[in-house]
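Novice:
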Amino acid sequence: MIAELGLAALWLSTALAVLQMVSGALGLKDGGNSQFAIYARPAAVVQAFLAVLAFFLLLYAFAVTDLSIKLVATNSHSAKPLIYKLTGTWGNHEGSMLLWVGVLALSGGLLAGLERRLPEKTMSATLAVQGFVALGFYAFLLLSSNPFERLPVPAIEGGGLNPLLQDIGLAIHPPTLYIGYVGLSVAFSLAMGALMTRQVNPNFAKILRPWVLGAWVFLTFGITAGSYWAYYELGWGGWWFWDPVENASLMPWLAATALLHSVSVLAARDALRTWTIMLGVLAFSMSMLGTFLVRSGVLTSVHAFAVDPERGSFILALLCLYIGGSLVIFALRAGSISEGKRFSVTSREGALVFNNVMLSAILAIVLLGTLYPLLTEAFDVRVSVGPPYFNPAGAIFAIPMLMVMAIGPLLRWKEDKPARIQFELALVASVVIAVIALVAILGDYGILPVLGLALSIGLAIAAFLPLRGRRLRLVPVATWGMVCAHFGVAVALFGMASESAFTEEKLAAVAPGDVEEVSGWTIELESVDPVAGPNWTAIEASVLASRDDEAPTRLAPQSRNFWSPPQPTSESALITRWDGQLYVVIGDQAGVDAAGNNRWQLRVWWKPFVTFIWYGGLLVAFGGILSIAGRVQVDLKRRRASAMGQERRDDLDALGDADAADGPVSEPAE
Amino acid sequence: MMRFALAILALIAGPLGVGQALAQQAMPPAPYAYVQLENPVLEAEASALMETLRCLKCQSQSINDSDAPMAGDMRHQVRSRILAGESPDQIRSWLVQRYGDYVSYEPEVSATTWPLFAIPLLLLAIVGLVLLRRLGKRRSDGIDVGGEAV
Numbered sequence: 019m020i021a022e023l024g025l026a027a028l029w030l031s032t033a034l035a036v037l038q039m040v041s042g043a044l045g046l047k048d049g050g051n052s053q054f055a056i057y058a059r060p061a062a063v064v065q066a067f068l069a070v071l072a073f074f075l076l077l078y079a080f081a082v083t084d085l086s087i088k089l090v091a092t093n094s095h096s097a098k099p100l101i102y103k104l105t106g107t108w109g110n111h112e113g114s115m116l117l118w119v120g121v122l123a124l125s126g127g128l129l130a131g132l133e134r135r136l137p138e139k140t141m142s143a144t145l146a147v148q149g150f151v152a153l154g155f156y157a158f159l160l161l162s163s164n165p166f167e168r169l170p171v172p173a174i175e176g177g178g179l180n181p182l183l184q185d186i187g188l189a190i191h192p193p194t195l196y197i198g199y200v201g202l203s204v205a206f207s208l209a210m211g212a213l214m215t216r217q218v219n220p221n222f223a224k225i226l227r228p229w230v231l232g233a234w235v236f237l238t239f240g241i242t243a244g245s246y247w248a249y250y251e252l253g254w255g256g257w258w259f260w261d262p263v264e265n266a267s268l269m270p271w272l273a274a275t276a277l278l279h280s281v282s283v284l285a286a287r288d289a290l291r292t293w294t295i296m297l298g299v300l301a302f303s304m305s306m307l308g309t310f311l312v313r314s315g316v317l318t319s320v321h322a323f324a325v326d327p328e329r330g331s332f333i334l335a336l337l338c339l340y341i342g343g344s345l346v347i348f349a350l351r352a353g354s355i356s357e358g359k360r361f362s363v364t365s366r367e368g369a370l371v372f373n374n375v376m377l378s379a380i381l382a383i384v385l386l387g388t389l390y391p392l393l394t395e396a397f398d399v400r401v402s403v404g405p406p407y408f409n410p411a412g413a414i415f416a417i418p419m420l421m422v423m424a425i426g427p428l429l430r431w432k433e434d435k436p437a438r439i440q441f442e443l444a445l446v447a448s449v450v451i452a453v454i455a456l457v458a459i460l461g462d463y464g465i466l467p468v469l470g471l472a473l474s475i476g477l478a479i480a481a482f483l484p485l486r487g488r489r490l491r492l493v494p495v496a497t498w499g500m501v502c503a504h505f506g507v508a509v510a511l512f513g514m515a516s517e518s519a520f521t522e523e524k525l526a527a528v529a530p531g532d533v534e535e536v537s538g539w540t541i542e543l544e545s546v547d548p549v550a551g552p553n554w555t556a557i558e559a560s561v562l563a564s565r566d567d568e569a570p571t572r573l574a575p576q577s578r579n580f581w582s583p584p585q586p587t588s589e590s591a592l593i594t595r596w597d598g599q600l601y602v603v604i605g606d607q608a609g610v611d612a613a614g615n616n617r618w619q620l621r622v623w624w625k626p627f628v629t630f631i632w633y634g635g636l637l638v639a640f641g642g643i644l645s646i647a648g649r650v651q652v653d654l655k656r657r658r659a660s661a662m663g664q665e666r667r668d669d670l671d672a673l674g675d676a677d678a679a680d681g682p683v684s685e686p687a688e
Numbered sequence: 064m065m066r067f068a069l070a071i072l073a074l075i076a077g078p079l080g081v082g083q084a085l086a087q088q089a090m091p092p093a094p095y096a097y098v099q100l101e102n103p104v105l106e107a108e109a110s111a112l113m114e115t116l117r118c119l120k121c122q123s124q125s126i127n128d129s130d131a132p133m134a135g136d137m138r139h140q141v142r143s144r145i146l147a148g149e150s151p152d153q154i155r156s157w158l159v160q161r162y163g164d165y166v167s168y169e170p171e172v173s174a175t176t177w178p179l180f181a182i183p184l185l186l187l188a189i190v191g192l193v194l195l196r197r198l199g200k201r202r203s204d205g206i207d208v209g210g211e212a213v
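As they're listed, the protein sequences go chains A and B.
Per our numbering: the first sequence = residues 19 to 688.
Per our numbering: the second sequence = residues 64 to 213.
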């Protein structure tokens, strides 16, 4: 029954998406006077409820391991711990698409339910676009990836979930990332709605901003969480692989970052109108492209995609329809939107434009590096594009961007003289040069890590300079958000540069009792014992690690073997200190030593300040939250003030009416 | 999204994993697969090279980041050849000869990869042009506006 209810809810949502689209379009056509226009909002809200209900029904099916549902039988197992049964809901194609669609409907519903400031006509257009986008993805889900499909005969036992996914990371990373991904659909719809009704102005930007910020906060958090998950789960200490799937999440983030800065310029200065719309389209296009890359199977092999192209071609068609359609509307309408207010090159807008262009260029590099191997593979030429390409090619644009980012917030809007901030410029420049010199003297490191270290320290100082000379209690919350986010970028950059410059590695085959040393740490393998979990067996090493004269800390890295599906994984063990992390992994048996004791592969890394990468990511996300809070606070205050003003005016009108009633008497008296 | 990479990786590695576990019991991994070279200079050289070689059985991982037995064998090859005095470039070209360009992450300009280098250069030109148009023109406009104001 559960599965049928879920399916019915999805079909109803689809019908409501059609209603929302038609009603919105009619509202757009008749200027909000159409009788049908009133249905768009309720359709979006009810649709959100139904789509989310469908998702929770699938969640329930996974929780009770309903093996009559094909998806559950293929991807779950009754012996799994409950938390992984639940998270396994989105650990597969159909379930994750249902989550995608659920979030899409939910953001549309929130937009329809909460947003009252937009002109009705723009709102109708926005909801029509949102409904149109949702319709395509409902169709994809129902026609080619039905999550509620029943088996003719229920399975006896499920196939189980990929062991690498049986981790708390699966509970956090995909949902947050999807909220960010799909939250950008609202930015897309709003941008299209404003473009169609020619309402690209600061008021529109103020409405768009919280949606962009919200999606961006979730994206930032999701990417950060995913990076840390890969770091501890894969067992080799890598935290970013420039894998196409990672790039698929990075590209919307880059576009959203550019978008949110551009929206701020539009809100504050009424400039960069077309830019903002363009970036709004680009951000969600990148989300959809990411979905295509990940969901079509094109990444495993272009040829695999060509053999079973149903799902892939479906998303590809949606991709062409939405991106192509929005670009056509953009091309038709962009001419009618004026550029907006002008500004000089040395102004805050100038710096923001520069960095928007740099972010877009980095996005282009990532896009090229991700798609090029797929393109050549279609012609039977296999090319590898990896870190040695992405790092330097990205750095060409990232380094100027980071430099401008340090000074941009110090500049005034519209026009400024560089001489006014010469003290700050000199301070940041001298810090950067000093750090480069210092690191160059200390050792022989790669040019990118050295530049990264220097820029991160310069940027960390520069992040706080906008607060100089201001009464801290009066600084708006949104400004604190910017300071926090920019400081977070500096912190993350410091972590990345430090990790790649200073990591120390020790690989060894050791017998119990043997002692190894790495970067001032003494590591002793105490013993190796078999252990068993609910759906795995493992060998667990007991490792004693100590630094200087401190008492040793016991670590228990495991090498696990899951039996359904059968697959080995490494469970790393970590010691986190303020200045870095010790990363210990136990591998397979490696023969015997001279005394006849079994030896084991032990891998140990000391990664100085590696944790700063994720602390930085969290700071960036927290900055975004502060910014939203600040904007909402100001907005509520303004609304209350205008409500009070309205009340007073109403009172006056009432008085005036009263006056008018006995007007003939009072008027001459005045 | 990373988990999908992992899932795909598992699909590829899954069936192999079983065979690998059996094979490993019969045959210990090559000596230098999980052991570093004694000489830190040579090890650093090997490590830098291994970071730019692709693990052919994994999804987007270098051989320095992988548990796959093939990556282990390749690490052993790299370390023992470095120890034998070969240069990293020699080893890379030997591996490329054996496995094709696909094995190397280090980009090299060739008939099949030139767009990877041409497009960023083009991009650089476009970025310069866009900035010049958007900011360069503005400056003169700004002066004009200033002039009007005076």
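Backbone N, C-alpha and C define an ideal beta-carbon position, used for all residues, glycine too.
Measure the C-alpha to C-alpha separation of residue 669(A) and residue 363(A) and round it to an integer number of angstroms.
Specialist: Between residue 669(A) and residue 363(A), the C-alpha separation is close to 49 Å.
Novice: Our contact map puts residue 153(A) next to residue 36(A) with C-beta atoms below 8 Å; I'd like the distance itself, whole angstroms only.
Specialist: Correct: roughly 6 Å between the Cβ atoms.
Novice: What are the residues that DSSP puts in a beta bridge with residue 663(A)?
Specialist: Bridge partners of residue 663(A): none, in fact.
Novice: Which residue from 658(A), 472(A) and 327(A) puts its Cα closest to that of residue 445(A)?
Specialist: For residue 445(A), the nearest C-alpha among the options comes from 472(A).
Novice: For residue 630(A) and residue 83(A), I'd like the C-alpha separation in whole angstroms.
Specialist: So the alpha carbons of these two residues sit roughly 40 Å apart.
Novice: Below 7 Å CB to CB, which residues in the same chain sit around residue 520(A) once its five sequence neighbours on both sides are set aside?
Specialist: Answer for residue 520(A): 626, listed in chain order.
Novice: Kindly give me the distance between the Cβ atoms of residue 108(B) and residue 151(B), rounded to whole angstroms, as I take these residues to be in contact under 8 Å.
Specialist: Contact holds; Cβ gap of about 6 Å.
Novice: I need the DSSP call for residue 600(A), collapsed to helix, strand or coil.
Specialist: Reduced to three states, the DSSP call for residue 600(A) is strand.
Novice: Once the 5 residues before and after residue 571(A) are set aside, which same chain residues still bring their CB inside 8 Å of it?
Specialist: Within the same chain, residue 571(A) has close Cβ partners 562, 563, 564 and 593.
Novice: With distances taken Cα to Cα, identify the nearest neighbour of residue 170(A) among 550(A), 85(A) and 71(A).
Specialist: Closest option to residue 170(A), Cα to Cα, is 85(A).
Novice: Note the first and the last residue of the continuous beta strand (DSSP E) segment covering residue 587(A).
Specialist: 584-589 is the extent of the beta strand (DSSP E) around residue 587(A).
Novice: Decide yes or no for the touch test of the stretch 180-197 of chain B against the stretch 383-397 of chain A: beta carbon pairs closer than 8 Å, at least 3 of them.
Specialist: The stretch 180-197 of chain B is in contact with the stretch 383-397 of chain A.
Novice: Please report the straight-line C-alpha distance between residue 335(A) and residue 155(A), rounded to a whole angstrom.
Specialist: So the two alpha carbons sit approximately 11 Å from each other.
Novice: Hey, does residue 259(A) have any beta-carbon neighbour from chain B nearer than 7 Å?
Specialist: Yes, because at least one Cβ of chain B sits closer than 7 Å to the Cβ of residue 259(A).
Novice: Using the beta-carbon of each residue, which ones in chain A are nearer than 7 Å to residue 130(B)?
Specialist: The answer, in chain order, is 253 and 588.
Novice: Residue 372(A) touches chain B at which residues, Cβ-Cβ below 8 Å?
Specialist: Simply 194 and 198.
Novice: Since residue 402(A) meets chain B, which of its residues come closer than 8 Å, beta carbon to beta carbon?
Specialist: The contacting residues are 117, 164, 165, 166, 167 and 168.
Novice: What in chain A is Cβ-close to residue 99(B), meaning under 8 Å?
Specialist: Those within 8 Å of residue 99(B) in chain A are 523, 524, 525 and 526.
Novice: How should residue 436(A) be labelled, buried or exposed, when 16 other C-beta atoms within 10 angstroms of its C-beta is the threshold for buried?
Specialist: When all chains shown are included, residue 436(A) counts as exposed.
Novice: Within the same chain, show all residues whose beta-carbon is closer than 8 Å to that of residue 120(A), passing over the 5 residues directly before and after it, in chain order.
Specialist: The answer, listed in chain order, is 69, 70, 72 and 73.
Novice: Does the beta carbon of residue 173(B) sit closer than 7 Å to a beta carbon anywhere in chain A?
Specialist: By this cut-off, residue 173(B) is not an interface position.
Novice: Any idea what DSSP makes of residue 425(A), helix, strand or coil?
Specialist: If DSSP states are grouped into helix, strand and coil, residue 425(A) belongs with the helices.
Novice: Rounded to whole angstroms, what is the Cα-Cα separation between residue 560(A) and residue 573(A)?
Specialist: Cα to Cα, residue 560(A) sits roughly 6 Å from residue 573(A).
Novice: Return the CA-CA distance between residue 281(A) and residue 210(A), expressed in angstroms with no decimal places.
Specialist: If I take the Cα positions, the gap works out to 14 Å.
Novice: Less than 7 Å between CB atoms is the rule here; does residue 603(A) satisfy it with respect to chain B?
Specialist: Output row for residue 603(A): interface = no.
Novice: Return the chain-ordered ranges of every beta strand (DSSP E) run that is complete within the stretch 280-319 of chain A and spans a minimum of 3 residues.
Specialist: Listed in chain order, nothing qualifies, since the stretch 280-319 of chain A has no complete beta strand (DSSP E) run of 3 or more residues.
Novice: Given that a residue counts as buried once 16 or more other Cβ atoms are within 10 Å of its Cβ, and exposed if not, what is residue 549(A)?
Specialist: Residue 549(A) comes out exposed.
Novice: Just checking, does the stretch 214-229 of chain A make contact with the stretch 130-148 of chain A on the three C-beta pairs under 8 Å criterion?
Specialist: Touching, per the Cβ criterion.
Novice: Is any non-hydrogen atom of the ligand FMN found closer than 6 Å to the C-beta of residue 514(A), if you look at the structure I gave you?
Specialist: No copy of the ligand FMN appears in this structure; indeed no ligand is present at all.
Novice: Name the chain B residues whose beta carbon is nearer than 9 Å to that of residue 390(A)?
Specialist: Going along chain B in sequence order, the residues near residue 390(A) (Cβ under 9 Å) are 176, 178, 179 and 182.
Novice: Cβ closer than 9 Å: which chain B residues qualify as neighbours of residue 386(A)?
Specialist: Result: 178, 179, 182, 183 and 186.
Novice: Less than 7 Å between the C-beta atoms of residue 330(A) and residue 346(A), yes or no?
Specialist: It is not a contact, given that the beta carbons lie outside the stated cut-off.
Novice: How big is the Cα-Cα spacing for residue 595(A) and residue 628(A)?
Specialist: Near 10 Å, if we compare the C-alpha coordinates of residue 628(A) and residue 595(A).
Novice: Rounded to whole angstroms, what is the Cα-Cα separation between residue 624(A) and residue 608(A)?
Specialist: For residue 624(A) and residue 608(A), the distance between alpha carbons rounds to 23 Å.
Novice: Do we get a CB-CB distance below 7 Å when we pair residue 85(B) with the residues of chain A?
Specialist: Because the pLDDT at residue 85(B) is just 41, under 50, the model does not fix this residue reliably, and the value given afterwards should be weighed accordingly. So no, residue 85(B) is outside the interface.
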